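Heads up: the sequence lines are chains G and D, in that order.
Heads up: the first sequence begins at 1 in our numbering, then just goes up one per residue.
Heads up: the second sequence begins at 1001 in our numbering, then just goes up one per residue.
Protein chains: 2
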Amino acid sequence: MNGAQALLRTLVASGVDVCFMNPGTSEMQFVAALDSTPQLRPVLALFEGVATGAADGFGRMADRPAATLLHLGPGLGNGIANLHNARRGRSPIVNIVGDHATYHKALDAPLESDIESLARPVSGWYRWTARPDDVAAHAAAAVAAALGAPGCVATLVLPADVSWLDANEESLPPEARRRPVVAGAIAPKAVRNRPDDEKMKAVAAALESGEPAALLLGGSSLRATGITAASRICERSGAKLLAEPFPARLERGAGLPSVERLAYFGELAQAQMGPLRHLVLVDAKRPVSAFAYPGKASDLVPAGCEVHVLAGADEDAVEALEALAERIGADSQAPKFHAQRRPDRPTGALTPAALGQAIGALLPEAAIISDESITGGIFVPDATAGAPRHDLLSLTGNSIGQGLPLAAGAAVACPDRPVLALEADGSAMYTIQALWTQAREGLDVTTVVLDNSSYGILNIELGRVGADAGGPIARSMLELGRPSLDFVAISDGLGVPAVRAETAGELAAALERAFAEDGPHLVHAIMV
Amino acid sequence: MNGAQALLRTLVASGVDVCFMNPGTSEMQFVAALDSTPQLRPVLALFEGVATGAADGFGRMADRPAATLLHLGPGLGNGIANLHNARRGRSPIVNIVGDHATYHKALDAPLESDIESLARPVSGWYRWTARPDDVAAHAAAAVAAALGAPGCVATLVLPADVSWLDANEESLPPEARRRPVVAGAIAPKAVRNRPDDEKMKAVAAALESGEPAALLLGGSSLRATGITAASRICERSGAKLLAEPFPARLERGAGLPSVERLAYFGELAQAQMGPLRHLVLVDAKRPVSAFAYPGKASDLVPAGCEVHVLAGADEDAVEALEALAERIGADSQAPKFHAQRRPDRPTGALTPAALGQAIGALLPEAAIISDESITGGIFVPDATAGAPRHDLLSLTGNSIGQGLPLAAGAAVACPDRPVLALEADGSAMYTIQALWTQAREGLDVTTVVLDNSSYGILNIELGRVGADAGGPIARSMLELGRPSLDFVAISDGLGVPAVRAETAGELAAALERAFAEDGPHLVHAIMV
């Protein structure tokens, strides 16, 4: 057994049974070991940002880490943008990076680089493994760290010789020594700390004060149980129920309480919070503007509003909400469930409103929405609030180029659920290679590319930063129509069947066909 | 005048008149300033790796830096792989990264990240600018650093408020105060140190000893003057003339001395060096294997061979070669020029040999070849040795995904020269978005994608690392044929007209048409 085999056996025993990879020479031992550990499903990506984004989507939906396999510093570099999103969403990922052999590093071969410096900004845990007999312990520690409180990207760097040299059987955890290795035999679980009683008392007093208050839910509190408990609390106390603007995973739809997400633009978020006197953070961060703007607030908490923390990222937010509900006598209070209500199927021009309607009318049962629609998808949240229950995955770290890989990873995690990727044209082009992985793996993902022939958000932002002096040259830098991107051709070229939709009716028909048929599809929606 | 305008004025005055960009909200002031500084040509990329790779290609061909414009840490992350290649090639690049406003950083907004940690591994110079009045000085220092000895990636990080706040006219260098600003008025030049006389004496003695010797040329010594001086020396002394395996820019073809590049595989490179007793490094590094392999040497210098350094990266290698030629009495020696000799136009199957023949037969005058052909292009160097004089740009840092962006940047630098990008199928998919920039800018680039439906090099490497135990699962991770990539469709979708070639004759005909017509073209070559 060599180091690579020790790694794979330990990963599988620890419940890591998927690896999104784009390997190179220094990772060939890992690749060669795949045949002896068939419990690990390897998923090939043409670009590392696809692998890391898919691992993020997998982690959000499976609540356990997938592994990645990346090629030295530059391969890691290509994966950093989506690891940044994963870090912000606190997704569990075991991020494996190959390195030159230990004795080769000092020679400064062309691919030598400072992997640690590149990895630290996106990693909650980092280790470089120097000896084959340390591989198993480091791999187990990486899985535990990824699943820790809160979850994180755990980066494990494996030099080539550490992969190819012999590792002792005794270096493996006992569960990884069995042949064949049993997937998930170790099964580390995410452990959250108990919430703090003193903080809860203060929150209860604030809610019972009669002063304007809101709960701001984030992270782990945005699943059905957390939202339901929060809704009881709000119904009982009169507090407003809000969610962070970019949740990693939000359960929503008919039969669940509906949560109002804070808007991306700070002024709108401030209006949502209004004259609050108490803002209760539940695994959420103090709300701040995504960007600074001249003359606009960066910190969005209303003046005179006291901020309370019910549960931090390392605490059990659901337990805290349920305990708070009990404390204020809301445990028998009925939550405010959203009724099933779908909009009519749209006709006419393909406007953002029509797009929202089409999705609201046709979203399948138990769907997963990967939302990177930016400006074009602005009406989708309202239009789908009463659609069948679904999960919404959003752009946690605001780094575009996430949507298509995330959808692929979610589909691998949940093969029985349909996935819908809502993707802006500009954002789609960062990791368009994800379509090929969707085709190769036969993933049930329907991608809608919302084409407004521009970086739509930047046309708004250009004015908001006070840069409206920009003339035709500036505006041309935000245009994507010269030449037009033909997403049908690109998608066909990557193996995903695609159609073009220029009206609301064409979009609805295309969605219906895509949802009815297994495997990946793409709809190029020409927006007006 | 705000900070962004101060930056643009200083860049233009310093001779930086092209910026490859993929901006976001924090860079909108830079974008808005473009209209007031039209001497700077902005080139939009759909992905940051395209922008950084194009800046590298520009720097190699123009011998002066282009700027980039990237969006915070994640945007920089996407550009890192090609900045790694630029670092290895010592290309001059002014790498501009936007950041949150100074006062916004402490709020840890979603896009906040440790930019410095990400930038340091690829940057020879780094600065974060805190005040608008420092922008001009930092920009001028960045240009000087990029052009220093040796060239480097100079990373300048500009917070949004530093861009939008007023800068004093007096903070500008005098040349940047003129209206309109004169491009290149400051014109810093790359300065190289004088070579060391003692080292030269030792090299001369070694060459005159009669023992087997070789010159190994790299970096700045691989232009016509350096190669010609080196050829005189070798003709006089009997030394072998070698080049590093991955030159940033190699001038070659008919009428120039031909230089033998060291092979990628260490065993072959060792065979090329044979029983050398003296290896003279001329702006080249001691030869090492790209990767380590079990039981194979990493350091490739033959046993008993003394390594001499004639010129380091910070010294004037051409001056050193010319002085050495004079010292050993080779200054009147005739160099060994390669005669013009083209292979016949190929027919039959589209093999790697036929590909080489087609390129050798048809390469236009004064072409620039961006070579990322990996295994498929193995016969091209021999077949083009007697083609009209051309420049070859290679994969300096061994990080694949460089070829298409590099070609775009070279075409921007040299609008009157035809560019040929030889691109492997796997490598093409990392930065395929470069085709759109080629179309948008009407660049005269002919791309040939060599399709062998696999990561061909990895099929070889899998065995070389001793991982030949890998079975069908391992081998499936190196296959690109499920589904097939249709590069004609992808290219059409990105705005570049494309054709498929399945025989040598079809390839030659497609090349001929593409070379005859201005603007970008792509040929999808199905290799056997």
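Don't be surprised by glycine CBs; every beta carbon is placed ideally from N, CA and C.
Fair warning: this is a prediction, and the values are worked out from it, not measured in the lab.
Cβ separation of residue i and residue j, assumed to be a contact under 8 Å, to the nearest whole Å
i	j	result
D:Asn1082	D:Gly1053	4 Å
G:Ala320	G:Val282	7 Å
G:Ala45	G:Gln433	7 Å
D:Val1143	D:Val1094	6 Å
D:His1097	D:Ile1115	Looking at the sequence shown, residue 1097 of chain D is not His but Val. The pair is a contact, with the Cβ atoms about 6 Å apart (cut-off 8 Å).
D:Pro1245	D:Leu1262	5 Å
D:Asp1371	D:Pro1150	22 Å between Cβ atoms; not a contact.
G:Leu242	G:Ala214	5 Å
G:Gly377	G:His338	Between G:His338 and G:Gly377 the Cβ distance is about 19 Å, and since that is not below 8 Å, they are no contact.
D:Thr1384	D:Gly1403	Not really, about 16 Å apart at Cβ, beyond 8 Å.
D:Gly957	D:Thr1396	This structure leaves residue 957 of chain D out entirely; chain D is present only between 1001 and 1528.
Straight-line Cα distance separating residue j from residue i
i	j	result
D:Asp1451	G:Pro418	33 Å
D:Ala1185	D:Pro1092	18 Å
D:Gly1003	D:Thr1129	10 Å
D:Gly1057	D:Ile1374	18 Å
D:Ala1354	D:Pro1346	6 Å
G:Ala66	G:Gly15	9 Å
G:Trp125	D:Arg1127	27 Å
G:Leu362	G:Gly481	29 Å
D:Val1288	D:Val1307	13 Å
D:Leu1040	D:Val1018	5 Å
D:Gly1075	D:Ala1119	11 Å
D:Glu1169	D:Ala1190	27 Å
G:Val488	G:Val157	39 Å
G:Arg464	G:Phe291	10 Å
Whether residue i touches residue j by CB criterion (7 Å)
i	j	result
G:Thr25	D:Glu1208	no
D:Gly1073	G:Gly77	no
D:Leu1111	G:Asn398	yes
G:Asp425	G:Val449	yes
D:Arg1194	D:Leu1393	no
G:Pro483	D:Ala1439	yes
D:Glu1101	D:Ala1160	For the record, residue 1101 of chain D in the displayed sequence is Ala; it is not Glu. Yes, the Cβ-Cβ distance between D:Ala1101 and D:Ala1160 is below 7 Å.
G:Ala146	G:Ala154	yes
G:Ala317	G:Ser221	yes
D:Ser1117	G:Pro121	yes
D:Ile1328	D:Ala1202	no
Contacts around residue i, its chain only, beta-carbon distance under 6 Å, and the 5 residues preceding and following it disregarded
i	result
D:Ala1501	Leu1507, Ala1510, Val1523, Ala1525
G:Thr503	Leu350
D:Ala963	For chain D, the structure presents residues 1001 to 1528; residue 963 of chain D sits outside this window and is missing.
D:Ala1428	Val1449
D:Ala1366	Arg1417
G:Glu322	Ala229
G:Pro302	Met273, Leu276
8 Å Cβ shell around residue i - same chain, five flanking residues per side excluded
i	result
G:Arg475	Asn459, Leu462
G:Val528	Ala349, Leu350, Thr351
G:Leu256	Ala224, Ile227, Thr228, Phe337, His338, Arg389
Own chain partners of residue i with C-beta closer than 7 Å, once the 5 adjacent residues on each side are dropped
i	result
D:Gly1304	Arg1277
G:Leu165	Asn2, Gly3, Pro132
G:Pro173	Thr10, Ala13, Ala136, Ala140, Ile186
G:Phe515	Leu362, Pro364, Pro418, Thr446
Heavy atom of the ligand SAH within 6 Å of residue i beta-carbon
i	result
D:Ala1428	No copy of the ligand SAH appears in this structure; indeed no ligand is present at all.
Cross-chain neighbours of residue i in chain C, by beta carbon under 8 Å
i	result
G:Met21	In the structure shown, chain C does not exist; the protein chains are G and D.
> Closer than 9 Å, Cβ to any Cβ of chain D: which residues of the stretch 430-446 of chain G, in chain order?
Replying inline: Tyr430, Thr431, Ile432, Gln433, Trp436, Ala439, Arg440
>> Against chain D, which members of the stretch 225-250 of chain G pass a CB distance test of less than 8 Å?
In response: Phe246
> Mind listing which residues of the stretch 124-140 of chain G have their C-beta closer than 8 Å to chain D's C-betas, in chain order?
Replying inline: none
> Which of the residues in the stretch 497-511 of chain G, read from start to end, lie with their CB under 7 Å from any CB of chain D?
Replying inline: none
> What residues from the stretch 1079-1094 of chain D come within 7 Å of chain G, judged by C-beta to C-beta, listed N to C?
Replying inline: Ile1080, Ala1081, His1084, Arg1088
> Listed from N- to C-terminal order along the chain, which residues in the stretch 6-17 of chain G have their beta-carbon within a distance smaller than 9 Å of any beta-carbon of chain D?
Replying inline: none
> Can you list, in chain order, the residues of the stretch 389-400 of chain G whose Cβ is nearer than 9 Å to any Cβ on chain D?
Replying inline: Leu395, Thr396, Gly397, Asn398, Ser399, Ile400
> Listed from N- to C-terminal order along the chain, which residues in the stretch 1269-1300 of chain D have their beta-carbon within a distance smaller than 9 Å of any beta-carbon of chain G?
Replying inline: Lys1285, Arg1286, Val1288, Ser1289, Ala1290, Phe1291, Ala1292, Tyr1293, Pro1294, Ser1298, Asp1299
>> Tell me which residues of the stretch 1198-1209 of chain D have at least one Cβ-Cβ distance to chain G shorter than 7 Å, keeping chain order.
In response: none
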